[in-house]
Amino acid sequence: MTRLTITRPDDWHLHLRDGEMLKAVLPHSASWAGRAIIMPNLVPPVVTGNDASAYRARIEQALPDGYDFTPLMVLYLTQQSDPADIRAAHEKGVIQAVKLYPAGATTNSASGVKDIDAVMPVLEMMAECGIPLLVHGEVTHDSVDIFDREAVFIDTVLTPLRERLPSLRIVMEHITTEQAATYVAAADSNLAATITPHHLIINRNAILAGGIKPHYYCLPVAKRETHRLALVKAATSGNEKFFLGTDSAPHTDPLKLQACGCAGVFNAPNTLACLAQVFEQENALDKLEGFASMNGPRFYGLGVNETHITLIRHDTPQPAPAPIETVDGQVTVFDPLMEIYWTIDS
Ligand code: DOR
Ligand code: ZN
33 MTRLTITRPD DWHLHLRDGE MLKAVLPHSA SWAGRAIIMP NLVPPVVTGN DASAYRARIE
93 QALPDGYDFT PLMVLYLTQQ SDPADIRAAH EKGVIQAVKL YPAGATTNSA SGVKDIDAVM
153 PVLEMMAECG IPLLVHGEVT HDSVDIFDRE AVFIDTVLTP LRERLPSLRI VMEHITTEQA
213 ATYVAAADSN LAATITPHHL IINRNAILAG GIKPHYYCLP VAKRETHRLA LVKAATSGNE
273 KFFLGTDSAP HTDPLKLQAC GCAGVFNAPN TLACLAQVFE QENALDKLEG FASMNGPRFY
333 GLGVNETHIT LIRHDTPQPA PAPIETVDGQ VTVFDPLMEI YWTIDS
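Numbering-wise (the working numbering), the sequence shown opens with residue 33 and increments by one.
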C-alpha cells in the first residue's frame, strides 16, 4: 500500500444542477474538492448577478454539515446579457467567470450565443476587468461532423476571438482533441484548458463498439484514441495551462437510456481515484498535484487550498462506486473500464 498526499484539489468545471439532484450529488464533489466552478446551464439558466447569488445560496444550503466547499459561480452568456450587471457581480465577488455556450451545443444551451458580434460589448468589458471567459468549444452547424466540431471551433471562432481581444482570459473547457491540446500549449498565458477524467480514459469505442453505451455519451463527444493519448500527454506533462475540470454532469438513468439520451458523464465519486490510476500508468504521479490542485488556482489568480488530501494505492483493485439514488431515479457513476487501485483516505 502506498499513500500520496497532495494539496486539496478543486474542480474547475462542475454541473451540480438544482433541487433534489443538487442535494444528491453535492457531497460527492464536496468530499474531495475545496472549490468548484459551477456551471450555469440550469433551466432557466443563471444569467444575472442575482441569479448567481440565489443559486450559490441554494448550493450552500444543500451542503451537509462538516464539508468545507466553496462554489465559484459562473454566469451564462446570452445575447441579452447586460455588461453592467456582469461587471457589478464580479466586483462584488459574486461571480468568478462567464460561460459561452454556442446555441444548441449541449444540454440546456438553447439560450446560448448565435452571433459572437452580439456579445462583443460584454467580452470587451470582461477583457478590461479580467473576468475569464469559459468556452464550450464546439461549433453547432449541421454541416460540421460532430467529431470535427472542436477543431472547427478553434479555427473559426476561438482564433478570431483571441485576435480581436488578446487580453481576454479564456479557458477552453473539457478539451477532447489533439488539435486543442496543441493549440492551448502553444498559446500565450491568457489561454488555458480543462480536461475531464473520462476524456483521459475512454475513446469513442467506449460509446459505440459492441453496442451503444449511453453512459459514455457526453459533449464534446470522446474522439479516437490518438486524441485521448494527446490529452493524457497534456494532463501529465506538468504544463500549467492544463487543469482538472471534471464536467461531472448527472442525469438519471431513465434520461440517459432512451432513444434520445442526454449527454453527460457523472464522475464526481471516482474522479480522483481514476486520475491517480492514469497518472500512475504514465509514471507521472508527481504531476497529479499540479493538474488537480495548483494550475487551476494559478490561472484564476486564487491561492491554493490550505488543506490536503491523501490517496491510497491498494494492492488489489477497488470496488466501483454504487449508483446514487435520487427521487427521479438512479444516477450511474462513470465506469472507467479498467481496474482502479486507488481510494481517497477518509
Ligand atoms: O456532456 C455534457 N453534459 N456536456 C455539456 O456540455 C453539458 C453537460 C450537461 O449539462 O449535462
Ligand atoms: Zn459541462
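Where is the CB? At the ideal position from N, CA and C, for every residue including glycine.
{"Item": "Of the listed residues Arg201, Ala266, Leu223, Arg88, nearest to His231 (C-alpha basis)", "Value": "Ala266"}
{"Item": "For Ile127 and Leu165, believed in contact at Cβ under 8 angstroms, the rounded distance", "Value": "In fact, because the Cβ distance is near 12 angstroms, the residues do not count as touching under 8 angstroms."}
{"Item": "Ile234 and Ala254 closer than 8 angstroms at C-beta", "Value": "yes"}
{"Item": "7 angstroms Cβ shell around Thr138 - same chain, five flanking residues per side excluded", "Value": "His168, Leu251, Ala295"}
{"Item": "Endpoints, alpha helix (DSSP H) assigned at Asp117", "Value": "115 to 123"}
{"Item": "Cβ contact check for the region 51 to 63 and the region 73 to 80: 3 or more pairs under 8 angstroms", "Value": "no"}
{"Item": "Which of helix, strand or coil DSSP assigns to Arg260", "Value": "helix"}
{"Item": "DSSP-derived helix/strand/coil call for His247", "Value": "helix"}
{"Item": "Per-residue DSSP class, three states only, for Lys131", "Value": "strand"}
{"Item": "Selected residue, minimal CA-CA separation from Ala352, among Arg35, Cys306, Asp97, Ala281", "Value": "Cys306"}
{"Item": "C-beta contact flag for Glu312 and Thr268 at 8 angstroms", "Value": "no"}
{"Item": "DSSP bridge partner residues for Pro76 (one or two, in chain order)", "Value": "Answer by DSSP bridge pairing: none, since Pro76 is not bridged."}
{"Item": "Sequence-distant residues of its chain with Cβ nearer than 6 angstroms to His47 (five each side left out)", "Value": "Met71, Ala281"}
{"Item": "Exposure label - Thr110; buried when at least 16 CB within 10 Å", "Value": "buried"}
{"Item": "Neighbour-count burial assignment, Pro368, 16 or more Cβ in a 10 Å radius", "Value": "buried"}
{"Item": "Proximity test, Asn73 beta-carbon vs the ligand DOR heavy atom, cut-off 7 angstroms", "Value": "yes"}
{"Item": "Outcome for Lys124 when other beta-carbon atoms lying within 10 angstroms are tallied against a minimum of 16", "Value": "exposed"}
{"Item": "Rounded Cβ spacing between Asn327 and Phe366 (contact assumed at less than 8 angstroms)", "Value": "Contact doesn't hold; Cβ gap of about 22 angstroms is too wide."}
{"Item": "Identity of the residues DSSP links to Val363 by a beta bridge", "Value": "Ile356"}
{"Item": "The beta strand (DSSP E) enclosing Phe275, as first and last residue numbers", "Value": "274 to 276"}
{"Item": "Assigned exposure category for Tyr133 - 16 Cβ within 10 Å defines buried", "Value": "buried"}
{"Item": "Residues near Arg35 in its chain [Cβ-Cβ closer than 8 angstroms; skip 5 each side]", "Value": "Thr342, Leu343, Ile344, Arg345, Asp377"}
{"Item": "Option nearest Thr258 by Cα separation, candidates Thr102, Glu210, Val171, Lys131", "Value": "Glu210"}
{"Item": "Classification of Thr188 by the beta-carbon crowding that lies within 10 angstroms, buried from 16 upward", "Value": "exposed"}
{"Item": "Per-residue DSSP class, three states only, for Leu223", "Value": "strand"}
{"Item": "Cβ-heavy atom distance, Cys250 to the ligand DOR, below 7 angstroms", "Value": "yes"}
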